[in-house]
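There are 2 protein chains.
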Amino acid sequence: MGVSKTHIFSISQNELAQAAKVFAHPARIAILEYISRQENCICNDLVDVIGLAQPTISQHLNEIKKIGLLKGTFEGKNLCYCINQERWEELQQSFNAFFSNINQNCCQI
Amino acid sequence: MGVSKTHIFSISQNELAQAAKVFAHPARIAILEYISRQENCICNDLVDVIGLAQPTISQHLNEIKKIGLLKGTFEGKNLCYCINQERWEELQQSFNAFFSNINQNCCQI
DNA sequence: AGGTTTTATCGTAATATTGCAATATAAAAC
DNA sequence: GTTTTATATTGCAATATTACGATAAAACCT
């Protein structure tokens, strides 16, 4: 019935899926890539750069923020979003472990 | 209007997002983990192991298959799904590059 | 051929996601 | 204090995803 049955899966399976969901939209990939290229990220830039409406960008930023990937603070009048380094490396390790632990030779065809 | 504006993003951004989408459900994580543990994967096992209905499992397998992550063949009467090693490593590299290329120090707070 | 087992497809319901216009909020500038 | 600028929230429409019952298809076994 359209509801993800998250309760039947392990915590780590749900967490990895949750993180993957954030990367599962090109706008969020683009936003992360753009932020990483800037010294200071002003959100209004994103609207111009990405090409989506301001509320949509705000929504995407919120998704990224929800899994702890962004730190934000004010500097002058502009909100400055930054990538949370600790969290980023944590996720990098999770994905790397997932990719590395999969045995790719279940049956040789 | 609910349509992903994929055309305004780069091919690599869309491809990474597309791959992430496959990992964005705990059932598919669980399926991949289970397949990797088996010598031979019989789909009916998955229904018991994962705890979702057979059509749902079939649907999830199809999502995984669509990005080329599965090779399947028949052995006796049972379909044997295997992880496509080349594709797996390709995706591993894509994710690794994405994680590594992000500069995490856009502004120090 | 007829029955059994396994997987795929169809149809449909519930929920989630994506996107934006309109509006609200908050801080800076004047 | 009002205007400007930047971001967040609300409300809603379009589409996508998740899930499963019913059914079909394919292969095996008598």
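Sequence order for the protein chains is A and B. For the first sequence, position 10 (counting from the first letter as 1) is numbered 10 according to full-length UniProt numbering, and the numbering increases by one without interruption. For the second sequence, position 62 (counting from the first letter as 1) is numbered 62 according to full-length UniProt numbering, and the numbering increases by one without interruption. Glycine included, C-beta positions come from ideal geometry on N, C-alpha and C. Keep in mind it's a predicted model, so treat the numbers as computed, not measured.
### Task
Compute the distance between the beta-carbons of residue 36 of chain B and residue 102 of chain B, then report whether it is under 8 Å.
no
#### Entry: Residues in the segment 45-69 of chain A having any Cβ partner in chain B nearer than 8 Å
50, 51, 52
### Task
State yes or no: is the C-beta of residue 61 of chain B within less than 8 Å of the C-beta of residue 43 of chain B?
yes
### Query
Would residue 109 of chain B be called buried (16 or more neighbouring beta carbons within 10 Å of its own) or exposed?
At residue 109 of chain B, the pLDDT of 47 sits below 50, so the modelled position is not reliable; the number obtained from the coordinates is stated separately. Exposed, by the Cβ-count rule.
### Task
Compare the C-beta of residue 5 of chain B against all C-beta atoms of chain A and say whether one is closer than 8 Å.
yes
#### Entry: DSSP beta-bridge partners of residue 73 of chain A
A:80
### Query
residue 50 of chain A and residue 17 of chain B: beta carbons closer than 8 Å?
no
### Message
For residue 12 of chain A, tell me which candidate among B:6, B:14, B:27, B:7 has the shortest Cα-Cα distance.
### Response
B:27
### Message
Let's test the definition: count the other Cβ atoms within 10 Å of the Cβ of residue 25 of chain B and tell me whether it reaches 16, buried, or not, exposed.
### Response
buried
### Message
Quick check: is the beta carbon of residue 92 of chain B nearer than 8 Å to any beta carbon in chain A?
### Response
yes
### Task
With a threshold of 16 other CB atoms inside 10 Å of the CB of residue 53 of chain A, please say whether the residue is buried or exposed.
exposed
### Straight-line Cα distance separating residue 48 of chain A from residue 5 of chain A
38 Å
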